[in-house]
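J.:
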Amino acid sequence: MQPLEWALDVALIVMRNGGSTAMADRTFENVLRGFREDRVPVVWRLDFVAATGVAEGESFTVLRPVGPIGVNLVRASEAAVLGERVARGEVDTAALAGEVERINALAAPYNRWVMTAAAACTAAAFSRILGGDWGALGIACVAAGLGQLVRSLLQAMKIAVAPVTLVCGLLSACVAASGLRLGLSQTASAALIASVVYMVPGMPLINGFMDIVIQHRLLVGLERIANAVFLFLVLTIAIAFAQTVVM
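End of the sequence shown sits at 288 in our numbering; the numbers just go up one at a time, nothing left out.
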């Protein structure tokens with residue numbers, strides 16, 4: 042039973058940090074191979090992972106909740122590398138727990154202020170792509186920067202993705218709507234849409250389509266896409282609220 046649990050521990054790092062289902066499944070298989078265990082049936086979902094094994098002639102199932110899913114591809118790639126090392130016999134049982142703890146403690150590669158600046162610059166550039174004027178560029182830059190700063194603080198508190206998206210989307214959209222109300226821009230749609238572009242769930246969409254089209258994992262792929270669509274809906278509500286109440 043223990044090798045199965047260890048394999049799930051490592052594979053779940055991939056799932057929880059934005060890695061694809063195929064990457065998690067390959068990591069799971071590598072850890073089992075390292076402990077000379079046969080491949081076992083496993084069901085991947087966004088809310089839990091279930092794996093079934095056999096011990097002493099009796100079958101058993103291990104369920105693990107996935108929990109909040111973020112994006113930290115450093116952790117995901119380190120977990121995948123750890124799986125490969127275990128498969129080659131380079132990591133024994135005594136060192137595996139320490140390696141899992143080390144990977145889970147890895148910080149994001151960019152600090153809060155770099156991410157804030159990146160969100161602000163992205164929103165500013167996107168406003169120009171949408172045909173916004175220079176006022177829209179400034180509004181989107183400030184709105185997205187403030188939203189991303191609050192987003193990083195909420196993520197540090199381990200708050201779920203949906204509430205974070207709603208709060209930050211409302212904040213950025215209301216800041217943008219306030220700038221439009223003050224007459225700083227004449228291109229309202231460009232300013233409002235660009236102000237929340239940093240919240241677009243690109244990674245779930247990419248992984249969802251990869252699961253369906255390439256890996257033929259229909260269930261988890263549809264879950265990822267449905268989750269992304271829900272977040273888009275939340276952003277739409279935030280923009281509509283700001284446009285109706287503030288402008």
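Glycine is no exception: its CB is placed at the ideal position from the N, C-alpha and C atoms.
#1: Just how far apart, CA to CA, sit residue 60 and residue 117?
#2: For residue 226, which residues in the same chain have their Cβ closer than 6 Å to its Cβ, ignoring the five residues on either side in sequence?
#3: Where do the ends of the beta strand (DSSP E) carrying residue 84 lie?
#4: For residue 80, is the beta carbon positioned less than 7 Å from some heavy atom of the ligand MN?
#5: Among residues of its own chain, excluding the 5 on either side of residue 263, which ones have a beta-carbon nearer than 8 Å to its beta-carbon?
#6: What did DSSP end up calling residue 210 once you bin it into helix, strand or coil?
#7: So, for residue 240: in the same chain, excluding its five sequence neighbours on each side, which residues have a beta-carbon less than 8 Å away from its beta-carbon?
#8: Is the beta carbon of residue 52 less than 8 Å from the beta carbon of residue 65?
#9: What residue does the alpha helix (DSSP H) around residue 95 start on, and which one ends it?
#10: Cutting at 6 Å between CB atoms, please list the residues of its own chain near residue 245, excluding the five before and the five after it.
#11: Quick one: complete alpha helix (DSSP H) runs, 4+ long, within the segment 218-278?
#12: Report the residue from 68, 77 and 97 whose alpha carbon sits nearest the alpha carbon of residue 85.
#13: Between which two residues does the alpha helix (DSSP H) containing residue 105 stretch?
#14: Helix, strand or coil, according to DSSP, for residue 59 in the structure here?
#15: Between 104, 81 and 48, which lies nearest to residue 122 when the distance is taken from Cα to Cα?
#16: Just tell me which of 236, 120 and 152 has its CA closest to the CA of residue 138.
#17: In chain order, what residues of the same chain have a beta carbon less than 8 Å from the beta carbon of residue 132, not counting five sequence neighbours either side?
#18: Just reading off the alpha helix (DSSP H) that residue 167 is part of, what are its end residues?
T.: Concretely, from the data shown:
#1: Approximately 6 Å between the Cα atoms of the pair.
#2: For residue 226, where only same-chain residues beyond five positions count, the Cβ hits under 6 Å are 174, 176, 177, 180 and 232.
#3: Where residue 84 is concerned, the enclosing beta strand (DSSP E) stretches over 83-85.
#4: In terms of ligand content, the structure shown is empty, and the ligand MN therefore cannot be addressed.
#5: Cβ within range, chain order: 249 and 253.
#6: In this structure, residue 210 counts as helix in the three-state DSSP scheme.
#7: Here the set comprises 188, 192, 206, 209, 210, 213, 272 and 276.
#8: Yes, Cβ-Cβ distance for residue 52 and residue 65 is below 8 Å.
#9: Element bounds for residue 95: not the alpha helix (DSSP H) but the beta strand (DSSP E), 89-96.
#10: Within the same chain, residue 245 has close Cβ partners 265, 268 and 269.
#11: The qualifying runs are 229-236 and 243-250.
#12: For residue 85, the nearest C-alpha among the options comes from 68.
#13: Note, residue 105: premise wrong, no alpha helix (DSSP H); beta strand (DSSP E) at 99-106.
#14: Residue state, collapsed to three classes: coil.
#15: Nearest C-alpha to residue 122: 48.
#16: It is 120 whose Cα lies nearest to the Cα of residue 138.
#17: 75, 123, 126 and 140.
#18: Counting along the chain, the alpha helix (DSSP H) containing residue 167 begins and ends at 153-170.
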